[in-house]
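These notes concern the structure reproduced below.
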Amino acid sequence: MMDIVPEHINIILATDCGSTTTKSILIEKIDGEYRLTHRGEAPTTVEAPFEDVTRGVLNAIIELEELSGRTILDGEKIISPENSNGNGVDIYISTSSAGGGLQMMVAGVVKSMTGESAQRAALGAGAIVMDIIASNDGRKYHEKVKRIRELRPDIVLLSGGVDGGTKSHVVELSEIISAANPKPRLGNNYKLPIIYAGNIEARKEVNKTLVGKTDLKMVDNIRPTLEIENLQPSRDKIHDLFMEHVMAQAPGYDKLKEWTDCPIMPTPGAVGEIIKKIAKKEKISVIGVDIGGATTDIFSVFKGKFNRTVSANYGMSYSICNVLADAGVDNVSRWLRDDVDNLDLTNRIANKMIRPTTIPQTLEELMIEQAIAREAIRLSFDQHKKFAVSLKGVQKKRTISDTFEQTMSGETLVNMEELDMIVGSGGVLSHAPRREQACKMLIDSFLPEGLTQLAVDSIFMMPQLGLLSSVHEKAAIEVFNKDCLIRLGTCIAPLGEGKQGDSMMEYSIKVNGSDIQGVLKYGELILIKADFDSYKSEFRTKDNFTIKNNQDYIGEVHGGEVGIILDGRGRPFNFKFNTQGRKELINNWRLSMNEYQILEI
Amino acid sequence: MSKSYTPGLKILEKISIKKERILPIKGKVHVNLGDSVDANSIVASTMIPGNVHMVNVANQLNIDSDQVLDCMLCSVDENIKKNQIIARSKGLFGFFKSEVKSPFDGTIGNISDVTGQVIISEKPYPIEVDAYIPGKINDVIEKEGVIVSSHGMFIQGIIGIGGEKKGYIKTINNEEIDSDENINDKIIIMKLNLTYEFYMKINKLGVQGVVCGAIDYNTLTKILKKPLGVAITGMEETTTIIITEGFGKITMADRTYQLLHKNNEKFASINGATQIRAGVVRPEIFIASDINSESFQFFDEDSLAISVGSKVRIIREPYFGEIGKVVELPSELVKIETETMSRVAKIEFKNGNKEIIPRANLEVILSD
Chain Y
1 MMDIVPEHIN IILATDCGST TTKSILIEKI DGEYRLTHRG EAPTTVEAPF EDVTRGVLNA
61 IIELEELSGR TILDGEKIIS PENSNGNGVD IYISTSSAGG GLQMMVAGVV KSMTGESAQR
121 AALGAGAIVM DIIASNDGRK YHEKVKRIRE LRPDIVLLSG GVDGGTKSHV VELSEIISAA
181 NPKPRLGNNY KLPIIYAGNI EARKEVNKTL VGKTDLKMVD NIRPTLEIEN LQPSRDKIHD
241 LFMEHVMAQA PGYDKLKEWT DCPIMPTPGA VGEIIKKIAK KEKISVIGVD IGGATTDIFS
301 VFKGKFNRTV SANYGMSYSI CNVLADAGVD NVSRWLRDDV DNLDLTNRIA NKMIRPTTIP
361 QTLEELMIEQ AIAREAIRLS FDQHKKFAVS LKGVQKKRTI SDTFEQTMSG ETLVNMEELD
421 MIVGSGGVLS HAPRREQACK MLIDSFLPEG LTQLAVDSIF MMPQLGLLSS VHEKAAIEVF
481 NKDCLIRLGT CIAPLGEGKQ GDSMMEYSIK VNGSDIQGVL KYGELILIKA DFDSYKSEFR
541 TKDNFTIKNN QDYIGEVHGG EVGIILDGRG RPFNFKFNTQ GRKELINNWR LSMNEYQILE
601 I
Chain U
1001 MSKSYTPGLK ILEKISIKKE RILPIKGKVH VNLGDSVDAN SIVASTMIPG NVHMVNVANQ
1061 LNIDSDQVLD CMLCSVDENI KKNQIIARSK GLFGFFKSEV KSPFDGTIGN ISDVTGQVII
1121 SEKPYPIEVD AYIPGKINDV IEKEGVIVSS HGMFIQGIIG IGGEKKGYIK TINNEEIDSD
1181 ENINDKIIIM KLNLTYEFYM KINKLGVQGV VCGAIDYNTL TKILKKPLGV AITGMEETTT
1241 IIITEGFGKI TMADRTYQLL HKNNEKFASI NGATQIRAGV VRPEIFIASD INSESFQFFD
1301 EDSLAISVGS KVRIIREPYF GEIGKVVELP SELVKIETET MSRVAKIEFK NGNKEIIPRA
1361 NLEVILSD
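Residue numbers (the numbering used here), protein chains in the order written: chain Y, 1 to 601; chain U, 1001 to 1368.
Following this line, the structure appears as structure tokens:
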């Protein structure tokens, strides 16, 4: 790996090796500014008959060469740095989720304390957490051993106990792991990596129990005291082991590791990096969603605290029936204007599961897919809110004024009124035929409150930019803002409940010299076309409705490709399959948002 | 011109195949390279570690954890019998001694002076891997398993449940089964939808498996007693089911049915295991052939490329299940009803109608 000097970097090649497709992008410095210039893709080649990830990478790079006219490869070697003939690239980086990504098991003494901290560390590093083993998880000893044997994770993260606290529980966990003698998922010929991030005073005993059977690594305690959560050492070690062990077992990665100028990062970990960077740089609260075929990842940064959850069984194809089962047919059907027989609907959705590469050909099919997407995101976001919480088990000092306020440790960090931006990613959002559809899906599933900007990732390049941000932050942020992020607009949603047609809020927005004024009524959606820019706005809510905890809001509001959306459907949002006038409401919202073509006629 | 591949299922009358038969953990391989095996031949076996239990010796003897080692009468790796005394306290002046007995036969796995617990492993139990299909040992992977090669008819379904089964093909019309008939070694082939009532009937009769055209998702939910959320199956303990077309009311493709019908009464190996993710696994039916292997070929992925003249099945609404012929493959993207710019094909149906269909919604019907 070379030392990277940001000032010397003019051409950047980045790939993301996904489970099905390897995506490549080319970033060039043009007039002092980094811009995405070309993108290519090719099928991933981790599995038979190729079993070499670099084949897919080379194919994706060849497509870039054809599109850009730039020679990047000399045979099967990446030309680096750029030579005097204008061939080659200055750096090459890659992320990967091929072969099922990074799959981990975590263990902690108390499930809701060290267990959750370990889970946060693993998820933040980009892993899928297969199970949490805890002393108090209710399972019998032999059940835990059986479960560990069945799982065959890539890495185990073992935590438990504060420094200087009781040793016996965490040592018992190490004994359970030792008794299970777990085998790694990939490869039969190496020892399973285990990271110990628990009570430092139990290291000797844990070492004695596990050292011969496993590849044991020690890092600082994930929870040195009840009040402190120290995730970074565990996350760093997970990334190291991902490179050293997991990637080394995956076909072709040894070669790919030699090509890249910085360590390969798990794809979701890289997406988390870019979300964190943006939140920090812009000093904003952000929620990101990546909805894929099998899983839905939610990222959030509130008050500077980053959280990621992966809903492993909510997705748009492989696990689409799980969304249907957990959401219920009525919750999916509530988004459809036309009646679809329940049996027909479930069969159609199940057929998407078994033929995941098909695409909707009719508008009705598209609407069904987008209805499912709303529910998949809603369910995943519910899980995220329960997980993104303040530390549990922390003793809080209370004054007399807190006596009547029932907040306690473990409350969710997700505060929708504080939220500044939602970023959507994944095929159903990024490739929706109309941006209005992506915008409405985000609003319907996240139900933002107050003023919230909305955006989508244009071509799903957040993973590559996330990794790039760790070696060249300027380039990553410039490309993210100019080429990756499609600004859709801002949703303005007052809080409060009312009756259909009640006056809810007066608005005045100055767009390109004209003052657009009116009254938002309860149950209405209004779209004001306004390109991406900031516009002086005034909102005055009526009666019991509020915006940003006030009756008035005066300030700037951003437009976007869709515009400014005034959402008068109330928060909390009470919209069910049996809501009176549901079909008419759905139709009105579609018309006002310019969502689908046929409905305009 | 670039090729467009479709997720076509293999329905092949004469094909050579290889099957990996691998142990979950390392063990012993019982056959040699070139050996002939039948479907039930055991090719490899191993011992799976037994269940482990934790006995809290410190608590039972009412002593501190760090005293446990001194009280143990057995050591790590020692084999012990049920009710054997494994630990005894020193007592008070040699009296009031307490004892801990082993709850079962096993081996001492660990003695902890931190937790005061003793880990006892039950005896390991054996597992065996059979050849699954009749054929020859093509490769031996030391201590892990073998690759069996064979030739015959190979059909993939779209989704299945239940694991590997073997039996004799029995094609039926409608749901005609004689309840008195002994059919517990049969694999039922039916063109129509599988209903819950018929499934319960054949399940009761103990048939090995059923291959049918389609099933309603709700019927599958009833059979599994829970909704199938993710298409990863094979572990269900039930009569194996293989669906060839999909969910809904769809008849089995004629060619598939005819091929199976042609092999009525023949021995078949089936597996309902399905995994529709990276590394796709589809359910399968294999019927070995006695004919000379020279007339068989390995499957060529290029057969899944569509071109003008390809016979295809539409695999998404609004023409789901219909069969047609590719008459045109426009190179430019076409805007479809959803406003998506899509790579499409013009398909001619049996009645002469022609429709534009996204290529992603086509499946090549393979013939050999």
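Cβ coordinates follow ideal geometry from the N, Cα and C atoms, glycine included.
- Taking the Cα positions, I25/Y is about 11 angstroms away from L67/Y.
- At a cut-off of 8 angstroms between beta-carbon atoms, A1273/U makes no contact with chain Y.
- Contact check for H245/Y against M265/Y fails: the beta carbons are separated by 8 angstroms or more.
- No Cβ of chain U is located within less than 8 angstroms of the beta carbon of M130/Y.
- Between S1075/U and S1089/U, the CB-CB gap reaches or exceeds 8 angstroms.
- Going by DSSP, L13/Y is part of the beta strand (DSSP E) stretching over 11 to 17.
- If only uninterrupted beta strand (DSSP E) runs of at least 3 residues are considered, those enclosed by the segment 215 to 269 of chain Y are 215 to 218.
- Excluding five sequence positions before and after R540/Y, the CB atoms of its chain that fall closer than 7 angstroms to its own CB belong to M505, E506, Q551, D552, given in chain order.
- Taking C-beta atoms under 8 angstroms as the contact rule, T260/Y and S94/Y qualify, at a distance of about 5 angstroms.
- Below the 7 angstroms Cβ cutoff, chain Y contributes K167, S168, V171, E205 as neighbours of V1114/U, in chain order.
- Using a Cβ-Cβ cut-off of 8 angstroms, F1247/U counts as an interface residue toward chain Y, since at least one Cβ of chain Y sits closer than that to its own.
- Interface annotation for the segment 1147 to 1176 of chain U against chain Y: I1158, I1159, criterion Cβ-Cβ distance under 8 angstroms.
- Inter-segment contact for the segment 1257 to 1269 of chain U and the segment 353 to 369 of chain Y is absent: fewer than three beta-carbon pairs are separated by less than 8 angstroms.
- When Cβ-Cβ separations below 8 angstroms define contact, M1047/U makes no contact with chain Y.
- Interface with chain Y (8 angstroms Cβ-Cβ cutoff): R1316/U is included.
- Within the same chain, and ignoring the five residues on either side of Y1199/U in sequence, the residues whose Cβ sits closer than 8 angstroms to its Cβ are V1210, T1219, I1223, T1239, I1241.
- Taking a cut-off of 8 angstroms on C-beta distances, the segment 1120 to 1132 of chain U touches the segment 1045 to 1056 of chain U, as three or more cross pairs fall below it.
- When P184/Y, A476/Y, R582/Y are compared, the shortest CA-CA separation from K277/Y is found for A476/Y.
- When C-beta atoms of the segment 1187 to 1195 of chain U are compared with those of the segment 1306 to 1313 of chain U, fewer than three pairs fall below 8 angstroms, so the two segments do not count as touching.
- Excluding five sequence positions before and after K392/Y, the CB atoms of its chain that fall closer than 6 angstroms to its own CB belong to S112, M113, S409, G410, given in chain order.
- Put simply, the backbone Cα of I200/Y is about 47 angstroms away from that of I372/Y.
- The alpha-carbon separation between G568/Y and P43/Y amounts to approximately 44 angstroms.
- The beta carbon of N1353/U does not come within 8 angstroms of any beta carbon belonging to chain Y, so the residue lies off that interface.
- Under the criterion of beta carbons closer than 8 angstroms, G1234/U and A1273/U qualify as touching, at roughly 3 angstroms.
- In this structure, L36/Y lies away from D420/Y, with their beta-carbon atoms at least 8 angstroms apart.
- Membership of Y196/Y in any alpha helix (DSSP H) is not indicated; the residue belongs instead to the beta strand (DSSP E) covering 193 to 196.
- For L1033/U, same chain residues with a beta-carbon under 6 angstroms away, outside a window of 5 residues either side, are I1137, V1140 in chain order.
- R540/Y: member of the beta strand (DSSP E) spanning 534 to 541, first to last residue.
- By the rule that beta-carbons nearer than 8 angstroms mark a contact, V1052/U touches chain Y.
- By the Cβ criterion, the segment 163 to 172 of chain Y is in contact with the segment 198 to 212 of chain Y, since at least three pairs of Cβ atoms, one from each stretch, lie closer than 8 angstroms.
- It is roughly 18 angstroms from the alpha-carbon of V414/Y to the alpha-carbon of E282/Y.
- Contacts with chain U at 8 angstroms (Cβ-Cβ) include K146/Y.
- Beta-carbon to beta-carbon, A180/Y and R149/Y are separated by about 5 angstroms, close enough to satisfy the 8 angstroms threshold.
- In summary, D1038/U is exposed, with fewer than 16 beta-carbon neighbours lying within 10 Å of its beta-carbon over all protein chains present.
- Judged by beta-carbon spacing, E1317/U lies beyond the 8 angstroms limit of E369/Y, meaning their Cβ atoms are not closer than that value.
- Distances from the alpha-carbon of F381/Y to those of D515/Y, D290/Y, K542/Y, E418/Y put D290/Y closest.
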